[in-house]
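**Student:** What the sequence shown shows, in my numbering, is residues 2 to 150, in sequence order. Backbone N, C-alpha and C fix where the C-beta goes; we use that ideal spot for every residue, glycine too. These numbers were taken from a predicted model, which means no experiment stands behind them. Pasting in a structure now, in structure tokens, and then I'll have a few things to ask.
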Amino acid sequence: KAFSHSLSKALSGDHSCSKIDKVEQLSRKLKGWAQFYRHTDFTAKVYSKIDRIVFWKLAKWLARKYRCSIKSLMMKWIKRPTPDQAKTWVLFGKSNRGNLCGVSLFRLVSSPKLPFRWRLPESNPYLRDEIRNTVTSRYSDVAMAVSHN
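Shown next, in the form of structure tokens:
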């Protein structure tokens, strides 16, 4: 919830920022989050929720920035970046630094989901098998020898 709230907060204002920089910033956040949580359970459900939030919040942000309908923006800028990826926003334009470039929004649906595997060590590091070289108390042996005087 906190992550989706931070994403929606990033997309709720700052219409002076270029669309390229905004999408690059969002994609960086999404890629880092997907990398961190790819081994958790039920990632597909969470990924689809966050994808939906980001997709539509970006649509509203672009519609507000360019003062046009979401439908016209979707017909113009929603494509598949490569044939094996999900449809997403593919934007072309100038960044705030003046570079002319194209960028696509990272979709969590396209990111890999991996099962978590326990890595068990060969032996328990807390159980010792070797003989210890420390001095051990022999109080019971000494007490027995002294008591037989």
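#1: Less than 8 angstroms between the beta carbons of residue 110 and residue 48, yes or no?
#2: Answer yes if the region 93-100 comes into contact with the region 55-75, meaning at least three C-beta pairs across the two stretches below 8 angstroms, and no otherwise.
#3: Looking at the structure shown, is residue 117 part of a helix, part of a strand, or coil, going by DSSP?
#4: Helix, strand or coil for residue 128? Go by DSSP, reduced to three states.
#5: Given a threshold of 16 other Cβ atoms within 10 Å of its Cβ, counted over all protein chains shown, does residue 105 qualify as buried or as exposed?
#6: Skipping 5 residues on each side, what residues in its chain have a beta carbon closer than 8 angstroms to that of residue 79?
#7: Taking C-beta to C-beta, are residue 51 and residue 5 nearer than 8 angstroms?
#8: Count the other CB atoms, across all protein chains shown, that sit within 10 Å of the CB of residue 62; report buried if there are 16 or more and exposed otherwise.
#9: Quick check on the burial criterion: 16 or more other C-beta atoms within 10 angstroms. Buried or exposed for residue 60?
#10: Taking residue 107 and residue 20 to be in contact with their CB atoms under 8 angstroms, please state how far apart those CB atoms are, rounded to whole angstroms.
#11: How many Å lie between residue 112 and residue 102 at the Cα?
#12: For a test of the three-state rule: what should DSSP assign to residue 93, helix, strand or coil?
#13: For the beta strand (DSSP E) holding residue 73, just list the boundary residues, first then last.
#14: Can you name, in chain order, every residue of its own chain whose Cβ lies under 8 angstroms from the Cβ of residue 74, other than the five neighbours on each side?
**Tutor:** This is what the structure gives:
#1: Yes. Within cutoff.
#2: Two segments are said to touch when three or more pairs of C-beta atoms, one from each, lie closer than 8 angstroms; by this definition the region 55-75 does not touch the region 93-100.
#3: In the three-state DSSP reduction, residue 117 falls in the coil class, being neither helix nor strand.
#4: It is coil, neither helix nor strand.
#5: So residue 105 counts as buried.
#6: Counting only Cβ-Cβ distances below 8 angstroms, and skipping sequence neighbours, we find 88, 89, 90 and 91.
#7: The beta carbons of residue 51 and residue 5 sit closer together than 8 angstroms.
#8: The residue in question, residue 62, is buried, as its Cβ has 16 or more Cβ neighbours within 10 Å.
#9: Counting other Cβ atoms within 10 Å of its Cβ, residue 60 reaches 16 or more and is therefore classed as buried.
#10: Not confirmed; about 15 angstroms, so no contact.
#11: Taking the straight line from one Cα to the other gives about 23 angstroms.
#12: Residue state for residue 93 is assigned as strand, using DSSP reduced to three classes.
#13: Careful: residue 73 lies outside any beta strand (DSSP E), inside the alpha helix (DSSP H) at 71-78.
#14: Cβ neighbours of residue 74 within its own chain (closer than 8 angstroms, five residues either side excluded): 60, 63, 64 and 67.
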